[in-house]
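Position in the sequence shown (first residue = 1) + 10 = the working numbering.
Beta carbons: idealized from backbone N, C-alpha and C, even for Gly.
For clarity, every value in this text was computed on a predicted model and none was experimentally measured.
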Amino acid sequence: MLSQSDFSHLDAAATALTDIFYMENIHHIFIGGYATGLLGGGRVTEDIDLVVDKNCRSLLLQYPDITESEDNRLVYRHCGTKVHIDMEVVGNAPWTPNPRSTKVYNVAPTDCPERRLRSTMPILHPSILLLTKLLPWKEADQATRVARHMRARTDLLDIHTILQWLFDKDSTIDFSGFPAMPRGRLMCLIGRLYRVEKRTRPYLALTMSPEEMRDVLTAWLHIDVMSPHTRSWHIPDPRTTDIYNVNPRIPEDRPELRLNTSILIVYPSVLVLTKLKCWSTAEMVTRQAYHQRTHTDLADIMTIIRWLAEHRMNINFAGLSRVPKGDLLSLRAKLYWTQKEMRPHLAAKLTPEELREVLNTRLSDNEVRALWDSHFH
11 MLSQSDFSHL DAAATALTDI FYMENIHHIF IGGYATGLLG GGRVTEDIDL VVDKNCRSLL
71 LQYPDITESE DNRLVYRHCG TKVHIDMEVV GNAPWTPNPR STKVYNVAPT DCPERRLRST
131 MPILHPSILL LTKLLPWKEA DQATRVARHM RARTDLLDIH TILQWLFDKD STIDFSGFPA
191 MPRGRLMCLI GRLYRVEKRT RPYLALTMSP EEMRDVLTAW LHIDVMSPHT RSWHIPDPRT
251 TDIYNVNPRI PEDRPELRLN TSILIVYPSV LVLTKLKCWS TAEMVTRQAY HQRTHTDLAD
311 IMTIIRWLAE HRMNINFAGL SRVPKGDLLS LRAKLYWTQK EMRPHLAAKL TPEELREVLN
371 TRLSDNEVRA LWDSHFH
């Protein structure tokens with residue numbers, strides 16, 4: 011049984027931040043696991059996530075209890091315990107809700123008597139907070155990294171906590187409150203939750219209108235959702251996927267690594283697709299730590315694409331047979347339009363037909379081939 015002392019360092023950090031922001035007239039809201047914990051449940055988070063309406067990092071560092079870690083994260087110190095602060099500024103990421111305009115729920119000290127809060131905590135309204143949890147849960151559940159896959163459990167705990175709160179308060183999910191994600195995508199995510207987590211079904215039925223439930227079930231029937239034991243649909247099967255043997259006897263194969271034995275890896279023409287999925291997910295999730303992974307994922311994608319160019323190979327869309335090619339192309343399109351430095355490399359590794367699909371334009375075959383020939387060959 012958790013006690014107030016288990017949360018004291020988190021609440022002390024949140025209280026200090028809230029007091030500073032009120033004095034400086036900075037709008038803010040708490041999100042993520044800490045905000046969920048104020049609604050109930052017993053999960054002690056590792057950090058505090060929040061959104062502010064202006065960049066106040068240098069201001070916070072003027073306070074003696076707030077410092078910077080080696081990886082440039084803000085840290086609050088309470089009685090010898092470090093609390094990491096992951097702070098997003100409105101406009102820096104597409105998903106960030108604006109504290110000035112989004113729905114906010116103020117958690118009063120009387121709402122959490124067991125926590126002994128000293129200040130009212132503004133959090134993203136639970137009807138929207140739930141939606142921000144869906145994509146991290148789904149992607150962690152399908153992750154290739156074991157650590158991220160295990161995060162699905164904590165995300166699911168948070169989802170259950172929020173659904174219970176909505177049920178207790180006779181409140182409903184606010185699909186319009188999270189405009190950063192298209193309604194159809196949200197419906198698909200809720201549909202997946204409905205299918206694979208049966209315990210959520212009664213709560214979902216009571217926190218959505220009949221029309222919304224109909225749309226969720228319709229979305230569910232139109233997407234390929236794997237059963238619970240095969241959820242990691244983008245993990246290549248080592249028995250059937252293409253394998254590349256990194257041979258220490260071949261000088262070109264990373265001689266600086268000084269390998270003593272051959273290493274089998276997923277073939278780079280397929281590996282790049284798995285990295286693309288990770289990059290797209292990291293860019294959309296609400297956890298700052300995940301969001302920061304976009305830089306490393308982009309670096310990996312660039313490394314693989316350059317390797318493919320050196321070896322005169324193209325991206326193998328058929329290598330992830332469980333994923334529709336259209337879905338993979340949509341991820342490529344996102345990379346193409348948002349990462350300008352990637353465009354020549356992508357164009358060199360896609361066929362003219364694939365390039366046209368990525369661009370999603372009405373260019374004729376000849377026009378696309380002219381673009382291909384003039385710029386990249």
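Cβ-based burial, Met131 [other Cβ within 10 Å; buried from 16]: Buried, by the Cβ-count rule.
*Do you know whose CA, among Ser272, Thr348, Ile311 and Leu330, lies nearest Lys359's CA?*
Residue Ile311 is the option with its Cα nearest to Lys359.
Three-state secondary structure (DSSP) at Asp383? Residue confidence is low: Asp383 scores 45 on pLDDT, short of 50, so the model does not pin down where it sits. No coordinate-derived value is stated.
Helix, strand or coil: how does DSSP classify Met131 here?
Here Met131 carries a strand assignment [DSSP, helix/strand/coil].
Check each candidate in His94, Pro278 and Gln72 and name the one with the smallest Cα separation from Glu80.
-> Comparing C-alpha distances from Glu80 to each of His94, Pro278 and Gln72 shows the shortest one belongs to His94.
Out of Leu308, His321, Thr55 and Asp21, which one is the CA nearest neighbour of Leu167?
Distance from the Cα of Leu167 is smallest, within the candidate group Leu308, His321, Thr55 and Asp21, for Thr55.
Notebook entry, point to check: Do Lys113 and Asp184 have their CB atoms nearer than 8 Å?
Noted result: Yes, Cβ-Cβ distance for Lys113 and Asp184 is below 8 Å.
### First and last residue of the uninterrupted alpha helix (DSSP H) at Tyr115
Element bounds for Tyr115: not the alpha helix (DSSP H) but the beta strand (DSSP E), Val114 to Val117.
| said: Considering only the alpha carbon of each residue, which of Phe177, Ile172 and Ala162 lies closest to Leu48? | reply: The option with the nearest alpha carbon to Leu48 is Ile172.
Do Val61 and Ile76 have their CB atoms nearer than 8 Å? Not closer than 8 Å, so no.
| message | Suppose the cutoff is 6 Å on Cβ atoms and the five residues either side in sequence are ignored; what does the same chain contact list for Cys288 look like? | response | Counting only residues of its own chain and dropping the five nearest sequence neighbours on each side, Cys288 has a CB closer than 6 Å to the CB of Asp307.
Quiz item: Buried or exposed: where does Met6 fall if 16 or more other Cβ atoms within 10 Å of its Cβ makes it buried?
Solution: Given a span of 11 to 387 for the chain in the structure shown, any question on residue 6 remains unanswerable.
| message | As a quick exercise: from Ile133, Asp180, Glu363 and Glu222, pick the residue whose alpha carbon is nearest that of Leu196. | response | Ranking the options by Cα distance to Leu196, first place goes to Glu222.
Buried or exposed (CB count within 10 angstroms, at least 16 for buried), Asp57
For Asp57, the number of other beta carbons within 10 angstroms of its own is at least 16, and it is reported as buried.
Can you check the region 131-214 for any beta strand (DSSP E) of at least 3 residues that lies completely inside it and give the ranges in chain order?
Listed in chain order, the complete beta strand (DSSP E) runs (minimum 3 residues) inside the region 131-214 are 131-134.
- Message: Distance check for Ser340 and Val280, CA to CA, integer angstroms please.
- Response: Those two C-alpha atoms are separated by around 16 Å.
Original post:
Below 8 Å, can you find three or more Cβ-Cβ pairs linking the region 99-116 to the region 133-150?
Top reply: Contact holds: three or more Cβ-Cβ distances are below 8 Å.
- Task: Note down, in chain order, each residue of its chain lying with its Cβ closer than 8 Å to the Cβ of Val235, except the 5 sequence neighbours on either side.
- Result: The pLDDT assigned to Val235 is 39, lower than 50, so where the model puts this residue is not dependable, and the model offers no usable value.
**Prompt:** Between Phe31 and the rest of its own chain, which residues show a CB-CB distance below 8 Å, the 5 nearest in sequence each way excluded?
**Reply:** Here the set comprises His37, His38, Val62 and Cys66.
What first and last residue would you give for the beta strand (DSSP E) that runs through Leu69?
Per DSSP, Leu69 belongs to no beta strand (DSSP E); it is in the alpha helix (DSSP H), Arg67 to Leu70.
Which term fits Thr228, buried or exposed, when burial requires 16 or more other beta carbons within 10 angstroms of its beta carbon?
Label assigned to Thr228: exposed.
Checklist entry - Alpha carbon to alpha carbon, what distance is there between Asp151 and His239? => result At His239 the pLDDT is 38, less than 50, meaning the model places this residue with poor confidence; the figure from the coordinates comes in the next sentence. Computed Cα separation, rounded: 11 Å.
Residue range of the alpha helix (DSSP H) that includes Glu351: Where Glu351 is concerned, there is no enclosing alpha helix (DSSP H), given that its DSSP letter is neither H nor E.
request  = List the endpoints of the continuous alpha helix (DSSP H) containing Val367.
outcome  = Here residue 367 turns out to be Glu, not Val, going by the sequence shown. That run of the alpha helix (DSSP H) goes Pro362 to Leu369.
Let's see if you can read the secondary structure: which residues bound the alpha helix (DSSP H) around His305?
Per DSSP, the unbroken alpha helix (DSSP H) holding His305 starts and ends at Arg303 to Glu320.
Can you list, in chain order, the residues of its chain with a C-beta nearer than 7 Å to that of Ala26? Leave out the 5 residues immediately preceding and following it. Closer than 7 Å at the Cβ level, and outside the excluded window around Ala26, lie Asp75 and Tyr86.
| said: From the DSSP secondary-structure annotation, give me the bridge partner or partners of Arg87. | reply: Paired residues: Lys92.
By the DSSP assignment, the alpha helix (DSSP H) with Lys44 in it spans what residues? Per the sequence shown, the amino acid found at residue 44 is Tyr instead of Lys. First-last of the alpha helix (DSSP H) with Tyr44: Gly42 to Gly47.
To the nearest angstrom, report how far apart Lys8 and His170 are at their CA atoms.
Any property of residue 8 remains undetermined from this structure, which presents the chain solely from 11 to 387.
query: Can the beta-carbon of Arg342 be found closer than 8 Å to that of Leu286?
result: Closer than 8 Å, so yes.
Checking 8 Å against the spacing of the C-beta atoms, do Asp29 and Tyr44 come in under that value? Not in contact: Asp29 and Tyr44 (Cβ atoms no closer than 8 Å).
How big is the Cα-Cα spacing for Phe17 and Pro192?
When rounded, the separation of the alpha-carbon atoms in Phe17 and Pro192 is 35 Å.
- Nearest residue (CA-CA) to Val143, options Arg161, Ser129 and Arg128: Inspection of the sequence shows that residue 143 is occupied by Lys rather than by Val. Ranking the options by Cα distance to Lys143, first place goes to Arg161.
ask   = In the structure shown, what three-state DSSP assignment does Leu60 receive?
value = Under the three-state reduction of DSSP, Leu60 is assigned to strand.
Worksheet item: When DSSP labels each residue in this structure, what does Val226 get in the three-state scheme?
Response: Under the three-state reduction of DSSP, Val226 is assigned to helix.
Let's test the definition: count the other Cβ atoms within 10 Å of the Cβ of Thr304 and tell me whether it reaches 16, buried, or not, exposed. Within a 10 Å sphere around the beta-carbon of Thr304 sit 16 or more other beta-carbons, which makes this residue buried.
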